[in-house]
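What follows is a set of notes on a single structure, which appears directly below.
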Amino acid sequence: MKKYILKRILISLFTLLAITLVLFILLQLMPGSPFNDEKLSDDQRAVLYAKYGLDKPIYIQFFKYVANMFRGDFGVSYNISKNTPISQLIAQRLPVSIKIGFQAVFIGALIGLMLGIIAAVWHNTIWDTLSTIVSVIGVSIPSYVFALALSYQFGFKLRWFPMLYSTSREFYSSMLPSISLCMFTLASIARFTRTEMLESLNSEYIQLAESKGIYGFRLIWRHALRNTLIPIITVLAPLIVDLMTGSLVVEKIFAIPGVGSLLVTAITSNDYNVVISLSFIYSAMYIGIMLVVDILYGVIDPRIRLSGAVNE
Amino acid sequence: MTGCGKKTDTKTAGGKPLNVMIEVEVESLDPQVAQDGTSMEVIADFTDGLKQMRADGSVTDALCSGESVSSDGLTYTFKIRDDANWSNGEPVTAGDFVFGWQRAVDPKTASEYAYMLSDIGQVKNAAAIIAGKMGVDQLGVKAVDSKTLQVQLEVPVSYFDQILYFPTFYPVNKAFFEKCGDSFATGPDTVLSNGAFIITDYQPAAVSFKLVKNEKYYDASRVKLSGLNYQVIKDSQQALLSYKNGDLDTIHLAGDQVDQIKDDPEYKSVGAGYLWYIVPMIQKNSELANLNLRMAMTYALDRETIVKDVVRDGSTASFSSVPNELAYNTKGEDFTPNQTEFSGVCAFDKAKALDYYNKAKAELKKNSFTYEMILDDTTIQQNVAAVVKEELESTLPGLTINLRVEPKKQRIQDMQDGTFQIGLTRWGPDYADPMTYLGMWVTDNPNNYGLWSNKEYDDLLAKCTTGEFSQKPEERWTAMKQAEKIMMDDAVIYPLYQQANATLIKSNVTGIEFHPVALNRVFKDTVKQ
């Protein structure tokens, strides 16, 4: 297992390096530059390029960037927040996105799981139909529609929650964004749980368990749910990364100082360092979560661990 | 972050704080690095320069208590107020200005607004220092004594006072700056105030931040607000709801929201100074070099329809190359008192358009023309371009306009490279003088995208900038008018509209100053009941 994890980590590191290189090349192909304001003279543009090392050939820029990255230096922002170290920008903003994303995943997964179980256990009843309706709504309506509706109803009309994110009332003001973002997760998890759970409940080992006299909560919790979890975790993993890396539109609506809006602004304003660092962090998070998921498979289903070990 | 300055006294007296919406984060609080309107507005909240703007846009003293200009117009001497202090208690000195200005041109700072000192301000040696050919100590600015600043110019600049309210010209306390190092102007502990407010809560790219009234400001009795609470909101619908909720006292609206609120007494349309216009590539395109064809096109554009049906935010149709409410002469007269002065050579007139079009067809021996128009990828510009296309094609049969939507940076690149046929672009003024617009059409100016060239025009402008009229405001004014007529008669650009911002201001708030140039909003005289 250790050897397997080590191998995975090494592959992950190479993947990240490759991603950085591809990003570097892609950014070169992007139109314009961070400094092609029509008011700049050629001399001034040259001064700006020299200051940020953009006058060097691309491969030198790349090696310099990677070398600095290993020291935790992601460069500085060119125009979103001039000369601010990216590490500082990300340190301020990433925790906000992660927190809201985590809350959304937590609420979404928990309620989704419950809905899915209810729909499976009482399938073809009114509960099943209700759960399906919630799932369809959650999957088909984009999060910003929920965000606008919740913000209007609970922020503007009823004034239960703040309409805008506020650092002085963090938890309170993060509730509406978290709920808006959780809907897709909630719906996906509810659907998958229902399908997987139904399959488990109809399987031979459940019938065996039932014949042994195991019923009710114990049957669902210990026998059916455990086998349901693997596909759910597979679905959940990318959702976690998606949510934690911030949502552009929801961040825009609630004026959240997160990384989702930062990345989009960076792309449109050619703030290369911000684009590369954020994409790098997204990739690292994605690869990291997938690694954790692989390991979790082993914990939940020992057969995977065994086959993994045999393969080595 | 480690503080490099003593925490300032932030006790506030009387008044209420104003809750202000901004659409984008502050790029920088460093006066020499900032280059966007939002940053400049906030920097001017807590910093004064030698000069400031009055409500009507004219220039008046700020930290300057007396000024003299040599007879040749090349040497300016400014006295600095004795009661001007930084928020750490140190006096503002002439040395602070010398340091600030030297930073602005220092290639190490790489200030994007360094051209305010070189091209526009003509401060001695600024251009050579920016190009790295001289040291910053060669800049034509020196502290005669702690309260006397002397500035040398390359050539007389008639509007020199008017550019001194630009943050690029603000002072920086050298000792404080050196103590802060790279963290200068990144938070409340790393900025010093000498202005109306003090920043108390700020992080780089913050979505909300606060300033409080500076009780030690030399003009503190003028400031009625207890502070400013800034909030970044990028979604205009949320901004409107937050305004209605009472969370914000003033907001900007998007054009499509104006219909909902245009009857609201709190609605106000304020000039933003930007002029939108179409540039034809005159030099490289033999057809567009034909004056009759250009005249036909400009006559075919119904600008009123564009502002009323498409832009809809209070923007006004433009028939001149310099916006109104921008520049005033010594008698206080607007350079462009109304937008109709040149409407005779460009306002929508189908008959004239066709007349010129037929002449052009005969001269060019062609009956159909196809051009590509490049434009920015914003919704509003795509809508404007669609109407421009429709108007040109329906008025001038045989003319086809294909639209190419590009990211702004690419569009600018294409125009700078001259690889376009027709472009939709805009220009924001850098200083309150017609030259900020007229200077663009001089031969070889990098912003003369159509590469138009006219000797008479060049000569007139040379006389106004460095020649015989540079010290004679009235003759200069008349010559600039003549120059504008030359370029309008030649259809160098097809002006479209002058941009306005739709704003809402609560009825209990008065005295917010809006300016089309340099500082978008000033809150020194603002009162909130």
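Protein sequence lines, in the order shown, are assigned to chains A and B.
Under my numbering, the first residue of the first sequence carries the number 16, and numbering increases by one thereafter.
Under my numbering, the first residue of the second sequence carries the number 115, and numbering increases by one thereafter.
Note that the Cβ used here is the ideal one computed from N, Cα and C, for glycine as well.
This structure is a prediction, so every number in the text was calculated from the model and none was measured.
Secondary structure at Ile136/B: strand, using DSSP grouped into helix, strand and coil.
Of all residues in the region 238-255 of chain B, only Ala241, Ile244, Ala245, Gly246 come within less than 9 Å of chain A when Cβ atoms are compared, listed by chain position. In this structure, Val321/B lies away from Ile313/B, with their beta-carbon atoms at least 7 Å apart.
Counting along the chain, Ala257/B sits inside the beta strand (DSSP E) bounded by residues 255-259.
Contact of Asn561/B with chain A is assigned, a C-beta pair being separated by under 7 Å. Looking from the CA of Asn438/B, the closest CA among Gly542/B, Ala465/B, Val265/B belongs to Gly542/B. Residues of the region 97-123 of chain A with a Cβ closer than 8 Å to any Cβ of chain B, in chain order: Lys97, Asn98, Thr99, Gln103, Leu104, Gln107, Arg108. For Ser179/B, the enclosing beta strand (DSSP E) begins and ends at 178-183. Asp448/B has Tyr442/B as its beta-bridge partners, per DSSP.
Taking the Cα positions, Gln374/B is about 31 Å away from Ser434/B.
With respect to chain A, the C-beta atom of Asn343/B has no partner C-beta closer than 7 Å. As computed with DSSP, Ala576/B is found in no beta bridge at all. At a cut-off of 7 Å, the C-beta of Lys172/A has no neighbouring C-beta in chain B. Under a criterion of Cβ atoms nearer than 7 Å, the residues of chain B adjacent to Asp58/A are, in order, Ile244, Ala245. With respect to Val173/B, Trp215/B sits apart: the two C-beta atoms are not nearer than 7 Å. When DSSP reads this structure, Ala632/B sits in no beta bridge, so it has no partner.
Around the beta carbon of Gly512/B, a 10 Å sphere encloses fewer than 16 other beta carbons of the protein chains shown; the residue is thus reported as exposed. In terms of beta-carbon proximity, Ile526/B lines the interface with chain A, with at least one pair separated by less than 7 Å. About 5 Å separates the beta carbons of Tyr331/B and Ala310/B, which is inside the 8 Å limit, making them a contact pair. Unbroken alpha helix (DSSP H) runs of no fewer than 4 residues, entirely contained in the region 469-513 of chain B, are found at 493-509, following chain order.
Under the three-state reduction of DSSP, Lys464/B is assigned to helix. Among the residues facing chain A, Val147/B is included, as its CB has a counterpart in that chain under 7 Å away.
Close partners of Glu53/A in chain B (Cβ separation under 9 Å): Ile526, Met529, Gln530, Thr539, Trp541, Pro560, Asn561, Tyr563.
The alpha carbon of Ser183/A has as its nearest neighbour, out of Lys324/B, Asp448/B, Ala241/B, the alpha carbon of Lys324/B. Taking a beta-carbon distance threshold of 7 Å, Ile420/B does not count as an interface residue toward chain A. Under DSSP, Gln371/B shares a beta bridge with no residue. Taking a beta-carbon distance threshold of 7 Å, Ile347/B counts as an interface residue toward chain A. Taking a Cβ-Cβ threshold of 7 Å, the residues of chain A close to Thr300/B are Thr99, in chain order. A straight-line Cα-Cα distance of about 6 Å links Ile204/A and Ala124/A. Taking C-beta separations shorter than 7 Å and ignoring five residues to either side along the sequence, the partners of Trp137/A in its chain run Asp143, following chain order. Ranked by Cα distance from Thr280/A, the options Ser96/A, Ile24/A, Ser56/A are led by Ser96/A. Straight-line measurement puts the Cα of Val372/B at about 10 Å from the Cα of Asn615/B. Less than 7 Å divides the Cβ of Glu380/B from the Cβ of Ile619/B. Residue nearest to Val326/B within the set Asn343/B, Arg336/B, Gln317/B, Ala319/B is Asn343/B (criterion: CA-CA distance). Proximity of chain B to Gly47/A at the Cβ level (cut-off 8 Å) is accounted for by Pro521, Lys522, Lys523, Gln524, Ile526, Gln527, in chain order. Comparing alpha carbon positions, the residue from Leu489/B, Lys238/B, Lys480/B, Tyr229/B closest to Ser56/A is Tyr229/B.
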